[in-house]
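In the numbering used here, the protein residues as written are 74 to 453.
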Amino acid sequence: MEIIPELDSNVTIIGAGVIGLAIAAELSRYTDRIYVIEKCGSFGQETSSRNSEIVHSGVYYPEGSLKARLCVKGKRLLYDYCNQHDIAHQKCGKIIVSQSGDDHDAIEEIFRNSTRNGITDKVILDRTEIQSLEPHVSACRGIYFPSTGIIDTHGLMKTLETEALNQGAQIVYGSEVIQINRLEKGYEVGLLESGNNTYAYTSQIVINSAGLMAENIARLAGIERPEYRIYLWKGEYFSLLNGKHKLLSRLVYPVPEPHHVGLGIHTTLDLSGRVKLGPNAIFMPDNQIDYSIDPEHRMDFFRSVHGYLPFVEPEDLAPDQVGIRPKLQKPGDPVRDFIISEESHLGYPGFVNLLGIESPGLTACLSLAQYVRTLIQVYL
Ligand SMILES: Cc1cc2nc3c(=O)[nH]c(=O)nc-3n(C[C@H](O)[C@H](O)[C@H](O)COP(=O)(O)OP(=O)(O)OC[C@H]3O[C@@H](n4cnc5c(N)ncnc54)[C@H](O)[C@@H]3O)c2cc1C
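Written out as structure tokens, the structure reads:
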């Protein structure tokens, strides 16, 4: 592959999802010659545009985990960033509801865990208090998190892209990273352009924020570790039709599933007031990236929400979008944290792997970008 010395860079960020863009915006405040390499024709074509767009509070994640720390800090940074840059968002609030006394212990434990994670704005609700907030929701107990919200993810990514470009970063769309060779100092990065041209350049720092493909990128560089294995889990959504969206004004969640594979089929509101239900969690045994939705799952969705949303009928549900989670766990495995690792200890100085950046990656994007900067500070 031809090496083009004029293209030598300080930093290569692989992937222009919300994470790669947030890292580019952060690092371009401190250094120049940054490339973001993205195989698609524009930003956020994969997981970053196929999610619930919720600004999470950090309720469920284990105390001290990266997910907990980056989410709690990330929510604050994200709301400030939205206010500074006029990005549409709304602190609509979220209620986790239980249907029966069986869930009361789980509700108490979620409350305690959220306290351990530093979440102070929350309140336990009884049936009457839930009814006064959401008259059409049926529940006997719940926890209300008033500052959980929703955000215009496209607007966020557009702003991050503009900020990175204004600060001198270059974003190369339609180019796929197909080769990474470790050099004595830095890395040789090989690209395949949409017209089938290939070329290479060197980069001192490489940041792997390739989402669903992050394990493959690590392997391209020669890093293969069993704990870096990514398992794809599909999440389907059904939209709520027939005007029923008007019956809800907050995010309503059931008590989560065991092992937190997903948070349970819940309501997601968007900024136009539309309501979707989802996502479910379907393990993809061959790691297929398959965005099709099975209309037969309508009745599963109906049964999942019928207890706490008794006004929903099967005919109110229509197939909507699909997103795919890049998890570090297969069925039956314990919950895993994000992996965000500078790989000097493996003989790859200045190479940062980000693996398993599922939810709350969107909420955490700004704090995560700051965290990545601290990992590579010595190389900048
Ligand atoms: C169903 C679902 C619901 C979610 N809901 C929420 C939520 O409500 N709140 C929240 O905080 N988080 C949520 N998340 C998580 C959030 O969406 C992700 O954490 C976040 O979008 C990950 O961004 P990313 O940039 O890492 O990945 P991506 O958006 O997938 O970006 C990775 C990019 O890398 C590019 N790429 C891959 N390989 C190469 C290559 N070889 N060369 C060049 N480019 C490459 C891809 O084209 C892609 O654009 C949800 C996720 C899912 C799946």
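Glycine included, C-beta positions come from ideal geometry on N, C-alpha and C.
- Taking the Cα positions, I253 is about 18 Å away from R106.
- Take the alpha-carbon of I224 and the one of T104: they are about 29 Å apart.
- About 12 Å separates the Cβ atoms of I397 and I430, ruling out a contact at the 8 Å cut-off.
- With a beta-carbon spacing of about 15 Å, F116 and M286 fall beyond the 8 Å limit used to define contacts.
- For L350, the secondary structure class from DSSP, reduced to helix, strand or coil, is strand.
- Here E75 is exposed. Its C-beta has fewer than 16 other C-beta atoms within 10 Å.
- Here K167 carries a strand assignment [DSSP, helix/strand/coil].
- For G93, the enclosing alpha helix (DSSP H) starts and ends at V91 to L100.
- With distances taken between CA atoms, S276 lies nearest to V262 out of L305, N239, V262 and V328.
- For S187, the enclosing alpha helix (DSSP H) has its first and last residue at H177 to R189.
- Straight-line measurement puts the Cα of Q172 at about 35 Å from the Cα of H227.
- Annotation for R142: no beta strand (DSSP E) segment contains it, though the alpha helix (DSSP H) segment containing it runs L139 to H158.
- Shown here for V91: same chain residues with a beta carbon closer than 6 Å to its own, the five before and five after excluded, namely S121, M230, L435 and C438 in chain order.
- Here V348 is near K317, since their CB atoms are less than 9 Å apart.
- Residue ranges of uninterrupted beta strand (DSSP E) with 3 or more members, entirely inside the region 263-306 and ordered along the chain, are 271-281.
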